[in-house]
Each structure stands twice: as structure tokens, then as C-alpha cells.
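Structure record follows, encoded as C-alpha cells.
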Amino acid sequence: MDKIIIFGGTTEGRTLSEALSRASVYHTVSVTSDYGNSLITPNEFAEVLTGRMDRDGIAAFLKNREYGPYDIVVDATHPYATDVTSNIKAAVSDTGCRLIHVRRSGAEGGPNDRDDVQNDKLRIYDRPAACFAALDDTEGNILLTTGSKELASYRDTVSLNTLHRTYVRVIPSVDSLKLCEDSGIEPSRIIAMQGPFGVGINEALIEQFGIRHMVTKQSGTAGGYDDKIKACDQSGITCHVIRRPADDAGVSVAEAYNMITGKDYSDNEGSAGDGVLHRVITIAGYGMGSSRAVTDEVRRAIREADVCIGAKRLIEGLKVPEKYPAYLLPDITAILNDHPDHRRIVILFSGDSGFYSGADKVRSGIREWDPEAEIRVLPGISSISYMASLTAESYDDAAIFSLHGRNGASRFHAVTELVRYNRKTYVLLSGEQDVRKLGECLKDTAPDCRITVGENLSYENERMTELAPEEALNYESDGILTALVINPGWERRPLIKVLGDDNLIRGQIPMTKECIRHESVIRLMLREGDVVYDIGGGTGSVALEAASLHPSLTVYTVEHNAEAAGLIRQNIEALRMENVYLIEGEAPDVLTGLEAPDAVFIGGSGGKLAQILMAIHMKGCGIRFVINSVSLETSGALNSFIEEHGIDGASIIQMQVSDIRTVGSHHMMQAQNPVMIYSFTW
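Taking my numbering, the leading residue of the sequence shown gets 2, the next gets one more, and so forth.
Below, the structure written as C-alpha cells:
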């Protein structure tokens with residue numbers, strides 16, 4: 002063996018070149034474009050030629066380099082570049098060189114490992130168009146499982162009647178559903194599920210939708226091909242199979258490496274034991290979306306990638322071999338399962354990979370999906386840091402909050418609290434509706450604040466708009482938005498936050514007195530993010546005081562008295578407590594569907610104290626209980642319960658509060674009823 006040339010420009014060609022370089026084997030790589038050249042890491046063992054060569058050009062090159070019987074020509078071109086393969090074969094035939102054709106790698110148990118025999122129930126086609134056209138001659142419902150990217154071709158090939166009796170199974174992503182809509186697929190005929198699927202699920206779908214024909218590609222075992230065939234066979238329906246292109250004649254990268262070097266590919270440094278190079282997966286922050294705000298390191302990762310995956314707006318302008326719109330972990334792994342040949346993968350997220358990003362969840366999910374993959378995370382420029390540069394308002398001393406994709410009532414309550422206690426608050430937004438809702442929340446609580454909205458940051462149509470809360474109510478934009486709220490009247494946050502009795506609407510409903518309420522809430526020992534039950538809500542005073550401590554708390558107040566429930570609603574609205582939820586009904590019956598609590602206050606039990614305690618204990622251990630008792634009977638029952646269930650460390654105190662009452666010219670102390678406060682963890 003003297004000289005080696007690889008005609009590449011593909012993942013297989015580059016993978017083989019890298020393996021040969023690691024083995025210190027000198028060789029030449031021919032690619033057609035500067036882009037293909039840029040994907041090959043420069044090294045002393047690989048000479049890279051750039052430029053397209055026809056048959057005569059290849060023959061001239063081989064002649065000038067004196068290629069002969071002891072030299073090797075490797076055809077690792079794209080499987081659909083059949084004209085290039087023909088030119089290479091013709092040019093090599095006159096030299097006596099050894100020609101190795103590297104086939105595109107497939108999934109384990111790939112289609113060419115099967116001996117599928119065509120019959121009445123298994124019809125095989127060489128091209129998608131031929132398969133689709135044949136469906137016009139069939140009757141009954143069709144299940145199309147070839148992926149959303151074939152839908153446009155399917156729509157343009159089949160008749161309207163065939164289209165209307167077709168169900169399509171696609172991955173559950175926004176882009177897949179949009180392609181279905183664009184192709185005229187009715188919503189009732191879209192099955193959005195994450196595969197691959199076993200025989201049972203395929204059979205269930207066949208039965209559910211009355212399927213008589215299934216259409217699939219030869220995708221290999223990893224793509225669920227064998228299970229589709231088996232499900233069709235067992236259900237007695239016809240399976241229409243689009244054959245994998247005939248480029249499979251040839252050898253794998255591992256086999257080519259062995260033929261060239263005489264060595265086992267698995268021994269090659271940097272390769273996995275199964276003869277396939279480890280994936281190198283880069284999870285990168287792409288900034289706001291414009292290429293102007295992308296770091297050089299991220300640019301290089303994209304330039305060297307086999308495939309880029311990310312939200313549509315991030316990838317649509319990229320010039321890469323392949324790109325797919327997806328940002329959820331199931332969609333990403335489905336794409337990678339369908340393309341096992343991809344080695345250098347870049348997954349893009351907007352902004353910075355470490356700032357309110359889906360990158361961390363995808364990173365941990367990818368690590369579990371492919372433990373052998375090399376994963377690296379690259380930072381990007383967040384919209385907050387970019388906007389800070391435009392407004393000249395630093396963010397190291399600002400509150401930062403995200404409403405992006407998480408914009409329920411409790412989230413707006415939380416951001417309202419942040420604005421109240423901070424001069425500067427940066428907010429990530431989902432869209433124009435968030436600006437209007439923010440204005441609605443702030444027009445009464447912080448009427449003097451100014452809301453600066455950054456629209457399409459880093460793009461050519463970037464715009465900054467400053468609004469008063471009232472003006473924000475009419476804000477309109479279909480752009481990508483971030484906001485900065487400046488509150489000149491911000492308050493210092495109280496270290497101990499309490500509600501006075503005068504802050505609450507009481508009516509004729511009994512209410513836990515102020516001092517008793519404060520002590521009870523303190524004894525709940527609440528932490529950020531806790532879930533709290535208030536059983537026997539009354540006016541809601543305990544629930545509201547607890548909820549006011551931090552917006553991350555979730556408080557459920559349970560009350561069966563209709564008049565009391567009405568007062569709780571009034572107090573929630575008056576105090577703007579979006580993290581308090583009224584549950585109307587009698588405990589323990591209404592507790593069944595609630596999430597497990599971290600802390601529970603019981604101010605009234607309706608004679609069902611033991612049942613309530615047991616029902617809550619069934620939800621988990623380590624729950625903090627605080628119970629108020631004003632009668633000897635309740636105290637006796639509670640003492641017996643604590644002893645019977647072996648509850649250790651219970652604290653029991655009695656509080657009696659006296660306040661001053663004016664009688665004529667004198668001021669006299671008036672005692673309130675004594676209250677026993679029990680607290681324990683169980």
C-alpha cells in the first residue's frame with residue numbers, strides 16, 4: 002500500500018480520515034467545497050483537496066499522482082451522488098487501483114440485513130413517489146409513518162380521496178404539526194407520539210383507527226421497523242415499505258479501516274468498542290437569535306457540525322449539512338436515533354445555555370440516552386445582558402425573573418412582588434400578552450414605574466419602547482420580547498411580614514386573632530416553595546398571612562361554610578394574593594386530589610380531627626403540623642392522638658392575649674380566650 006485517496010464530503014469520509022490520521026496513515030481527502038474542507042481538522046497525515054472533479058478530472062489526478070495496483074481509492078461520497086460514484090468507478094478502472102466503496106451507516110439490524118419478500122401483505126418500493134402513487138389504488142384507512150418531512154411529497158402525489166383517508170404519525174413537536182397543517186392533514190387524523198413503538202402500540206393504533214395500510218421506511222430495528230412489520234402481519238393489514246437506497250452495497254467505515262490498515266477499528270484511539278466513533282454533542286447558547294451576537298466558539302462548533310438541532314428561528318439561516326427544528330429532549334433523541342451516522346452534533350438554545358435555558362435538562366437527558374457521548378456546553382449572550390448594555394442599567398443589583406413559557410397567575414404575582422421590593426427588575430417574556438398582563442398587575446401596585454420593552458434584540462428590526470403601566474395595557478408586537486421595569490417608589494422588604502386584623506375583611510365569621518395567627522405561622526417554619534394547607538379557613542387570615550411571606554409558597558385554604566368562602570375570595574382579591582387557592586368543601590373529603598403539603602395549619606376540623614390528620618399523613622411523612630385548640634375536648638382528643646401514634650417532639654403552648662379597652666376615662670385590660678397551640682412533625 003502506497004497512496005490513499007478518500008473522495009468524501011460526508012460524515013463517513015471524514016470519520017475514516019480521522020481514524021487514519023490517528024493511526025498515522027498518510028492519505029488524501031477530496032471534497033467539493035470550502036465548507037467541506039473546513040469540517041476536516043488539519044493534521045500532518047491528511048492532505049485536503051478542494052474542488053469538484055468529473056470523470057476526466059479524477060482520471061487525470063490518479064495519473065499525475067501515479068496511482069497503481071498497490072494504491073487505494075475510497076468512495077465515501079453521498080449515497081444519492083450516483084453520478085460521482087460512476088465517475089470514480091470509471092476513472093479507477095484504468096489504473097488497477099483497489100476501489101473501496103463505503104456505504105452510509107445504518108441502525109443496528111438495518112434494512113439490508115433483512116430478507117423481506119414481497120407478497121400481497123408486504124409491498125416494497127424503491128422510491129417514495131412510487132409507493133405514494135400506488136396508494137391511490139387501495140381502499141381503507143392508511144397510517145403514514147414516514148415522518149413529517151415526506152408529507153409535502155405525499156400531498157402532491159396522492160389523490161384528495163387518499164389524503165382524506167390518511168392518518169399520519171409524527172413526533173409531537175410544533176414544527177411537525179405545522180407541516181401536517183400545511184399538507185392539508187386534518188387535526189383529527191394526526192397522531193403526535195414519540196417513538197419508536199413496540200408491536201402492541203402499533204396494533205392498538207391499527208385497531209383504534211381502522212387502519213388497512215401502513216406505510217413505512219426501512220429504518221432498521223432501532224427505528225421500530227421490525228415491530229411495524231410484525232404488527233401489520235398480526236393485524237392482517239398491508240405494509241407498504243420504501244426500500245433503503247441501493248447505496249448499501251459496500252462496506253462500513255470500520256470495515257474500510259480494517260481493509261486499509263489491517264487493524265481492528267475498535268482499537269483505534271477515540272473510537273467506541275462497537276466500531277463507531279463516539280458522538281461529540283455540543284449544547285450551545287446562540288444568543289438572541291441574530292448571528293451578529295453569536296460567540297466565535299459557537300460559530301466554530303456549527304461550522305464543524307454534521308447536524309444542527311434547535312428552534313426553527315435559530316437554525317433557519319444556518320448553512321450546515323443537515324438541520325432539524327426541535328428543542329425538546331424526546332424530539333432531539335428521536336432525530337439522533339433516526340440518524341446514527343451523525344458524529345458531530347450541535348444543539349442550539351436561545352440566549353445563554355446557563356440562564357433560564359432548556360440546555361441543562363437536555364444535557365442530563367442526553368447523558369442518560371448516550372453515556373458514551375462526549376458532551377460540552379458553550380455559553381451564549383443572554384437577552385438580559387444585551388438589554389443591560391442598551392439601557393445602561395446593570396443587572397448585578399437587579400431582580401431577574403422569567404415569564405417565558407411559565408406565565409400563570411402565580412408567576413405574575415411573584416414578579417409584582419419583585420417590582421415592589423426592587424428598583425430594577427429584568428423580565429423574560431413569552432409575548433405581547435405578557436406585557437399587557439404586566440401592565441395590569443403594576444398599574445395599581447406600582448403606578449409610577451416605567452416598563453422598557455426590548456423587541457427582537459440583536460436583529461435588524463430591534464426596537465426599544467418605554468411604557469407606563471397604563472400604556473402597557475395596549476401594547477402590541479409579534480416579536481421576541483424582554484422587559485426592564487424601573488420602580489422609583491420601590492420599598493425595602495420587611496424582615497418579618499405580618500397581616501393585621503384591620504387588613505382583612507371579617508364579616509360575622511370567627512377569625513384567628515392577630516397575635517395567635519402570627520405565632521401559628523411562625524411555628525409552621527415555612528421555606529421557599531412550600532405547599533401549605535389551611536384547614537378551616539374562616540376568613541382566610543392564616544392562609545393569607547402565610548402566603549404573603551414569599552410568592553413561591555402555594556397555599557390551599559379549605560372551607561365548607563359558604564359565607565366564609567365568600568369572605569376568603571374577597572380577601573384574596575383585596576390583597577392580590579395569587580398564590581392562595583380556595584378549596585370549598587369539607588376536609589378530609591376535598592383533600593384527595595391536592596398535592597402533598599409541606600406544612601399544615603388546622604384552625605377548625607368540624608369534629609373530624611383524627612380523620613383529617615390520617616388523610617394528610619397518607620400523603621407523606623415529615624409534614625409540619627400546627628393546630629389551634631380552644632376547647633378542652635379538642636385538646637383531649639389531640640393529646641390522645643399524639644400518644645396513640647407515637648408522635649415525638651410535639652410542642653404545646655397556651656397563649657392568652659389581653660388588649661386595652663377604654664371604659665370612660667379609664668383604660669382596662671380585656672382578656673381574650675386562651676388558645677392551645679400544638680406543633681409537631683409527622
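Even glycine gets a Cβ: it sits at the ideal position worked out from N, Cα and C. Being a predicted model, the structure only gives us computed values, none of them experimental.
Inter-residue CB distance, Asn488 and Asn408 (contact presumed, cutoff 8 Å): With a Cβ gap of about 20 Å, Asn488 and Asn408 do not count as contacting.
Assuming contact is defined by CB atoms lying nearer than 8 Å, are Leu568 and Ile517 in contact in what I supplied? no
Run the CB neighbour count on Thr96, radius 10 Å, all protein chains shown included, and call it buried at 16 or more, exposed below. buried
Rank Glu579, Asn562, Glu564 and Ala548 by C-alpha distance to the C-alpha of Val601 and give the top, closest one. Ala548
Just reading off the alpha helix (DSSP H) that Val533 is part of, what are its end residues? Here Val533 belongs to no alpha helix (DSSP H); instead the beta strand (DSSP E) covers Val532 to Ile536.
Rounded to the nearest angstrom, what separates Lys229 and Lys313 at their Cα positions? 30 Å
By alpha-carbon positions, which one of Leu330, Asn629, Leu485 and Gly530 ends up nearest to Arg368? Leu330
Validate contact between the stretch 121-141 and the stretch 88-104 using beta carbons, cut 8 Å, 3 pairs: With the cut-off at 8 Å, the stretch 121-141 and the stretch 88-104 do not touch.
How would you label Met615, buried or exposed, when you count the other beta carbons within 10 angstroms and need 16 or more for buried? exposed
Among Ile261, Val363, Ser384 and Val416, which has the Cα closest to the Cα of Ala24? Ile261
Looking at the unbroken alpha helix (DSSP H) that takes in Tyr258, where does it start and where does it end? Val254 to Thr262
Three-state secondary structure (DSSP) of Val321: Three-state DSSP puts Val321 in coil, outside helix and strand.
Determine, using beta-carbon pairs with one atom in the stretch 571-581 and one in the stretch 651-665, whether at least three such pairs fall under 8 Å. no
What residues in its chain sit with their C-beta under 8 Å from that of Gln671, if we drop five residues either side in the sequence? Ser659, Asp660, Ile661 and Arg662
As an exercise, report each continuous beta strand (DSSP E) stretch of at least 3 residues that is fully enclosed by the stretch 174-210, in chain order. Considered as a whole, the stretch 174-210 harbours 191-193 as its complete beta strand (DSSP E) runs of no fewer than 3 residues, in chain order.
Residues bridged to Ser465 by DSSP? Strictly speaking, residue 465 in this sequence is Met, with Ser absent from that position. Met465 pairs with Gly455.
When we look at the beta-carbon of Arg165 and count the other beta-carbons within 10 Å, is it buried (16 or more) or exposed? Looking at the sequence provided, one finds His at residue 165 rather than Arg. It is exposed - the Cβ of His165 has fewer than 16 other Cβ atoms within 10 Å.
If we ignore side chains and look at the alpha-carbon of each, how far apart do Val581 and Ala544 end up? When rounded, the distance between both Cα atoms is 7 Å.
Identity of the residues DSSP links to Asn562 by a beta bridge: According to DSSP, which records beta bridges pairwise, Asn562 is partnered with nothing at all.
With DSSP as the reference, label Gln434 as helix, strand or coil. Under the three-state reduction of DSSP, Gln434 is assigned to helix.
Measuring only the C-alpha atoms, how far is Gly14 from Ile376? 23 Å
Would you check if there are 3 or more beta carbon pairs closer than 8 Å linking the stretch 203-220 to the stretch 138-146? Three or more pairs of CB atoms, one per stretch, sit closer than 8 Å, so the stretch 203-220 contacts the stretch 138-146.
Rounded separation between Gly490 and Arg421 - CA only: 8 Å
Counted within 10 angstroms of its Cβ, other Cβ atoms place Val535 as buried (16 or more) or exposed: The identity of residue 535 in the sequence shown is Asp, whereas the question assumes Val. Here Asp535 is buried. Its C-beta has 16 or more other C-beta atoms within 10 Å.
Quick one: Cα of Glu323 to Cα of Pro188, how far? 28 Å
Backbone CA spacing between Ile506 and Thr540 [nearest angstrom]: 7 Å
Once you ignore the five residues that flank Ser39 on each side, which residues in its own chain have a CB closer than 8 Å to its CB? Arg304 and Glu305
Straight-line gap, Lys320 to Ala77 (C-alpha atoms, nearest Å): 21 Å
Please identify the residue among Glu151, Ile186, Glu182 and Pro173 whose C-alpha is closest to the C-alpha of Thr167. Taking only the C-alpha atoms, the option nearest Thr167 is Ile186.
Which residues in the same chain have their Cβ closer than 7 Å to the Cβ of Ala60, if we skip the five residues on either side of it in sequence? Correct list, in chain order: Ala92 and Asp95.
Going by DSSP in three states, Asn120 sits in which element: helix, strand or coil? strand
Is the stretch 555-564 close to the stretch 581-599, with three or more CB pairs under 8 Å? yes
Among Leu458, Glu298 and Gly288, which residue has its Cα nearest to the Cα of Ile382? Gly288
What does the alpha-carbon distance come out to for the pair Glu151 and Ile191? 14 Å
Alpha carbon of Thr51 to alpha carbon of Gly9, nearest angstrom: 11 Å
Would you kindly check if the distance between the Cβ of Ser411 and the Cβ of Tyr396 is under 8 Å? Cβ distance not < 8 Å, so Tyr396 and Ser411 don't count as in contact.
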